[in-house]
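Engineer: Protein chains in written order, with our numbering: chain F, 10 to 367; chain U, 10 to 367.
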DNA sequence: TCTAATTTTTAACGCGCGTAAAATTTTTCT
DNA sequence: AGAAAAATTTTACGCGCGTTAAAAATTAGA
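1. Pop quiz: residue 90/U and residue 120/U are said to be a contact at Cβ under 8 Å. What is the actual Cβ separation, rounded to whole angstroms?
2. Which of helix, strand or coil does DSSP assign to residue 358/F?
3. Going straight from the alpha carbon of residue 251/F to that of residue 280/F, what length do you get?
4. Does any residue of chain F bring its CB to less than 8 Å from the CB of residue 289/U?
5. What do you reckon, are the CB atoms on residue 277/F and residue 308/F nearer than 8 Å?
6. Are there 16 or more other CB atoms within 10 angstroms of the CB of residue 177/U, so buried, or fewer, so exposed?
7. Leaving out five residues on either side along the sequence, give the residues of the same chain with a beta carbon under 7 Å from the beta carbon of residue 10/F.
8. Are the C-beta atoms of residue 79/U and some chain F residue less than 8 Å apart?
9. Using a C-beta to C-beta distance shorter than 7 Å, which residues of chain U count as neighbours of residue 319/F?
10. Which chain U residues sit within Cβ distance under 8 Å of residue 184/F?
11. Starting from the C-beta of residue 197/U, find all residues in its chain whose C-beta is less than 6 Å away, skip the five residues before and the five after it, and write them out in chain order.
12. Looking at the structure shown, is residue 351/F part of a helix, part of a strand, or coil, going by DSSP?
13. How long is the line joining the alpha carbons of residue 2/F and residue 327/U, rounded to whole angstroms?
14. Note the first and the last residue of the continuous alpha helix (DSSP H) segment covering residue 329/U.
15. Let me check understanding here. Comparing Cα to Cα, which of 74/U, 289/U, 236/U, 339/U lies closest to residue 202/U?
16. For residue 285/F, decide whether its Cβ has a neighbour in chain U, counting only Cβ atoms nearer than 8 Å.
17. Residue 153/F CB to nearest chain U CB: under 8 Å?
18. From the beta carbon of residue 313/F, is the nearest beta carbon of chain U less than 8 Å away?
19. Grab me the residues of residue 185/F's own chain with a C-beta within less than 6 Å of its C-beta, minus the 5 sequence neighbours each way, in chain order.
20. CB-CB under 6 Å to residue 124/U, same chain, minus the five flanking residues each way: which ones, in chain order?
21. What does residue 32/U touch in chain F if you count any residue whose Cβ is under 9 Å from its own?
22. Any beta carbon of chain F sitting closer than 8 Å to that of residue 7/U?
23. When you check each C-beta in the stretch 71-105 of chain F against every C-beta of chain U, which residues fall closer than 7 Å?
24. Classify residue 348/F: buried if its beta carbon has 16 or more other beta carbons within 10 angstroms, exposed otherwise.
25. Note down, one range per segment and in chain order, each beta strand (DSSP E) of at least 3 residues found wholly within the stretch 104-176 of chain F.
26. State the beta-bridge partners of residue 212/F as determined by DSSP.
27. Contact criterion: CB-CB distance below 8 Å. Does residue 19/U meet it with respect to chain F?
28. Just checking: is the beta-carbon of residue 401/F within a distance shorter than 8 Å of some beta-carbon in chain U?
29. Using Cβ-Cβ distances below 8 Å, what residues of the stretch 116-129 of chain U are close to chain F?
30. Do you know offhand how far residue 82/F's Cα is from residue 131/U's?
31. State yes or no: is the beta carbon of residue 247/F nearer than 8 Å to at least one beta carbon in chain U?
32. CA-CA distance, residue 168/F and residue 141/F?
33. Can you check whether the C-beta of residue 66/U is within less than 8 Å of a C-beta belonging to chain F?
34. One question on the structure: do residue 246/F and residue 259/F come within less than 8 Å of each other, judged by their Cβ atoms?
35. If you measure from the beta carbon of residue 282/U to each beta carbon in chain F, is any gap under 8 Å?
36. Is it buried or exposed, residue 338/F, if we count other Cβ atoms within 10 angstroms and call 16 or more buried?
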């Protein structure tokens with residue numbers, strides 16, 4: 010063994026250096042096991058006999074060798090990489106989901122890579138392009154939605170086993186996992202109607218996210234079902250700065266005094282956060298107490314929604330269920346070789362969170 | 010050319026398939042250029058004659074070939090990867106910085122990889138461990154701070170060219186780029202003192218982030234300089250759920266009526282967001298108008314701080330300057346082979362943002 | 001204890017590309 | 001046009017590991 014080397018340090022003292030192990034060959038001979046077996050071990054530790062596994066792991070602790078991932082992935086038909094793509098990472102909603110998903114992937118022995126489209130089509134296309142050459146075992150993709158290049162996503166899904174989440178694009182990917190927008194809206198509308206005036210619906214005129222359209226439809230159908238007249242308040246603006254859009258739209262509506270009811274249901278929490286700040290600015294008191302002139306509710310249970318003033322009544326995603334099910338679906342997809350018999354859509358219901366704003 | 014292949018589709022129709030190019034050899038012969046030259050091109054397009062560059066790029070469009078990144082990175086002494094590590098990606102502050110940094114790296118021809126320690130030491134260690142085997146050209150690291158395993162970070166910085174940002178750890182990495190905490194606090198304290206009662210300082214008792222300690226010191230020294238008596242309000246709590254910590258701490262303080270002044274300076278915006286929500290809950294009117302009983306200010310200019318109620322007066326990071334300078338420092342570090350003569354610390358001053366809370 | 005089944009070893013090839021040296025071609029400049 | 005400089009081609013090796021097939025060793029089972 011030439012593993013120990015004497016090195017003369019600047020201060021004159023001698024130091025024993027443990028040579029870094031250069032490759033699997035070296036590590037194998039050091040641990041007294043043949044390289045193919047070691048290779049087999051790294052592919053799947055349970056595929057070798059317990060006794061040899063112990064010997065390898067023992068050597069692993071002594072020499073802390075790690076196989077070269079580039080050489081590994083070059084020759085593997087499939088890597089252990091998993092791509093996670095979200096439309097906007099600066100949105101705490103996605104940041105939170107990503108955190109959970111990432112953890113699950115690591116626990117299952119995969120290497121997750123994070124990507125954010127930052128709300129731009131060009132970036133989403135670029136990410137998918139790069140992802141292809143990463144040869145990932147699978148991808149969890151939350152697409153931009155309306156802004157997505159459908160054909161780019163379609164062609165990507167043909168090449169890479171993909172599970173869509175958060176926002177659905179009809180027919181793409183092997184499965185979709187998300188929240189049931191109807192469940193969100195029906196609960197908030199029902200609650201608001203039961204406890205006061207029926208709500209009008211505050212949203213962006215041209216929402217980027219397909220969930221927004223589903224929520225509008227759910228609002229309309231729910232109001233019809235209750236025999237109530239729907240009112241939609243569309244606000245202008247594009248991009249992902251929802252708070253600012255909600256604030257400006259809110260100021261406009263409040264200044265015009267054009268609200269048809271004293272109850273506003275926002276399409277999502279980030280719009281609501283902006284709307285609430287507009288209310289505060291205009292001195293409009295929000296809440297369900299007497300002395301309040303407006304009720305505001307919303308959807309998503311954004312991580313910040315409990316710190317708004319007043320705290321926001323909202324319908325919560327089942328974050329854990331969505332994340333877990335998305336990951337598990339992807340694992341099944343990977344195990345079954347990249348295709349499922351039929352495209353599966355899983356929708357999880359919302360949970361109404363009653364706080365102070367409505 | 011054997012690029013075209015007839016394939017019999019399930020429905021019986023024939024389809025012409027353009028064969029995927031398998032490797033650089035094939036692409037080279039197809040474009041009429043030798044493989045070493047093509048390899049050279051991919052390493053640095055400007056390193057080949059313009060005419061051959063044109064020919065390659067022309068062929069590139071026809072055949073859309075992309076070199077195998079694993080094979081590339083295996084043999085390169087240095088990859089074009091850049092690691093970006095932040096302590097908590099769900100914090101919009103980091104999400105925003107990461108977004109800017111990511112873009113700069115891509116524009117410079119690098120492949121950034123994102124990692125979040127999610128506030129956990131074990132994860133940070135694991136990330137650095139994985140990062141090592143990615144052989145990155147360089148790493149931009151925002152460490153956890155107090156929770157970081159100093160020796161793990163030190164050993165990492167010895168192996169990989171690293172620039173620290175956001176929070177400094179004395180002597181580690183080749184450079185540090187961040188904001189000047191003294192500039193933040195001196196501006197807010199001076200402003201608050203000039204326009205009303207001097208502030209007390211609201212912060213976590215055991216902050217994870219080293220910036221918090223610097224801010225406390227800055228507050229103390231600033232108050233002393235102004236000949237004022239400092240008051241520190243330490244609140245309990247650990248982890249990264251600052252809003253909740255600020256809210257609970259705020260409720261406690263407000264209920265006890267123990268605030269020594271009518272002006273509260275929070276260590277950071279996320280604490281302030283929680284504190285403001287506590288004020289609202291307790292019916293304490295915040296702002297500088299008459300009728301308000303409390304002024305609240307803070308530091309960071311968190312993306313959400315302009316949507317609080319009232320909007321938050323705060324000292325803003327120069328996001329762009331910090332991001333740009335961190336990236337440029339890393340690029341210089343990479344170009345100079347991984348070491349700078351001396352460890353450089355760059356601090357950028359804050360900009361006071363006057364809003365409605367103080 | 002002996003045989004069959006399982007696991008490991010030996011030996012060898014290939015993956016796709018970086019890289020180096022020498023030979024050749026092309027360009028540049030006087 | 002001719003020589004020097006620059007770029008490209010040819011040839012060839014190596015990187016670290018996946019993978020395979022046949023041989024050898026170990027284990028399990030009766």
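Even for Gly, the Cβ is constructed at its ideal location relative to N, Cα and C. Treat the numbers as computed from the prediction; the structure is a model and nothing was measured.
Structural biologist: Working from what's here:
1. Taking the second chain and counting its residues from 1, the one referred to as residue 90/U is at position 81. Taking the second chain and counting its residues from 1, the one referred to as residue 120/U is at position 111. Their Cβ separation, rounded to whole angstroms, is 5 Å, which keeps residue 90/U and residue 120/U in contact under 8 Å.
2. Numbered from its first residue, the first chain carries residue 358/F at position 349. Residue state, collapsed to three classes: coil.
3. On the first chain, position 242 is the one that residue 251/F refers to. On the first chain, position 271 is the one that residue 280/F refers to. Their backbone Cα atoms lie some 5 Å apart in a straight line.
4. On the second chain, position 280 is the one that residue 289/U refers to. Yes, because at least one Cβ of chain F sits closer than 8 Å to the Cβ of residue 289/U.
5. To locate residue 277/F, count along the first chain from 1; it is residue 268. To locate residue 308/F, count along the first chain from 1; it is residue 299. In this structure, residue 308/F lies closer than 8 Å to residue 277/F by Cβ.
6. The sequence position of residue 177/U within the second chain is 168, counting from 1. With 16 or more other Cβ atoms within 10 Å, it is buried.
7. To locate residue 10/F, count along the first chain from 1; it is residue 1. Bear in mind that a pLDDT of 40 at residue 10/F, under 50, signals an unreliable position, so the number given afterwards is only what the model happens to contain. Counting only Cβ-Cβ distances below 7 Å, and skipping sequence neighbours, we find nothing.
8. In the second chain, the residue the question calls residue 79/U occupies position 70. Yes - at least one Cβ of chain F is within 8 Å of the one on residue 79/U.
9. Within the first chain, numbered from 1, the residue matching residue 319/F stands at position 310. Result: 289.
10. Taking the first chain and counting its residues from 1, the one referred to as residue 184/F is at position 175. Ordered by position in chain U, no residue passes the 8 Å Cβ test against residue 184/F, which lies about 23 Å from the chain.
11. Indexing the second chain from 1 puts residue 197/U at position 188. Excluding sequence neighbours, residue 197/U sits near 274, 306, 324.
12. Your numbering for residue 351/F matches position 342 in the first chain. If DSSP states are grouped into helix, strand and coil, residue 351/F belongs with coil.
13. Here chain F has residues from 10 to 367 only, and residue 2/F is not among them.
14. Locating residue 329/U in the second chain gives position 320, counting from the first residue. Residues 328-344.
15. Working through the second chain from its first residue, we reach residue 202/U at position 193. Minimum Cα distance to residue 202/U is reached at 236/U.
16. Numbered from 1 along the first chain, position 276 holds the residue referred to as residue 285/F. It does: the Cβ of residue 285/F has a partner Cβ on chain U nearer than 8 Å.
17. On the first chain, position 144 is the one that residue 153/F refers to. Not an interface residue.
18. Within the first chain, the letter at position 304 stands for residue 313/F. Judged by the 8 Å Cβ criterion, residue 313/F is in contact with chain U.
19. The count along the first chain starts at 1 and reaches residue 185/F at position 176. Counting only Cβ-Cβ distances below 6 Å, and skipping sequence neighbours, we find 173, 177, 354.
20. Residue 124/U sits at position 115 when you count from the first residue of the second chain. The residues are 94, 136.
21. What you label residue 32/U is simply residue 23 of the second chain in a count that begins at 1. Chain F residues near residue 32/U: none, gap ~11 Å exceeds 9 Å.
22. What the structure shows of chain U is the stretch from 10 to 367, and residue 7/U is not part of that stretch, so it cannot be assessed.
23. 75, 77, 78, 79, 80, 82, 83, 98, 99, 101, 104, 105
24. For the purposes of this step, residue 348/F is taken as the residue at position 339 of the first chain. Exposed.
25. 120-125, 147-150, 171-174
26. Working through the first chain from its first residue, we reach residue 212/F at position 203. DSSP, once it has assigned bridges, lists 243/F as partnering residue 212/F.
27. Locating residue 19/U in the second chain gives position 10, where the first residue counts as 1. In this prediction, residue 19/U has a pLDDT of 41, which is less than 50 and means its spatial position is unreliable; what the coordinates show is noted afterwards. No - not a single Cβ of chain F is within 8 Å of the one on residue 19/U.
28. The question about residue 401/F has no answer, for chain F in this structure spans 10 to 367.
29. 120, 122, 123, 124, 125, 127
30. The residue you call residue 82/F lines up with position 73 of the first chain. The residue you call residue 131/U lines up with position 122 of the second chain. Spanning the two alpha carbons is a distance of roughly 26 Å.
31. Reading the first chain from its first residue, position 238 is the one you call residue 247/F. Output row for residue 247/F: interface = no.
32. By 1-based counting over the first chain, the position of residue 168/F is 159. By 1-based counting over the first chain, the position of residue 141/F is 132. One C-alpha to the other measures close to 8 Å.
33. Within the second chain, the letter at position 57 stands for residue 66/U. No - not a single Cβ of chain F is within 8 Å of the one on residue 66/U.
34. Along the first chain, one-based indexing puts residue 246/F at 237. Along the first chain, one-based indexing puts residue 259/F at 250. Not a contact, by the Cβ cut-off of 8 Å.
35. Numbered from 1 along the second chain, position 273 holds the residue referred to as residue 282/U. It does: the Cβ of residue 282/U has a partner Cβ on chain F nearer than 8 Å.
36. For the purposes of this step, residue 338/F is taken as residue 329 along the first chain, with counting starting at 1. By the neighbour-count rule (16 or more Cβ atoms within 10 Å), residue 338/F is buried.
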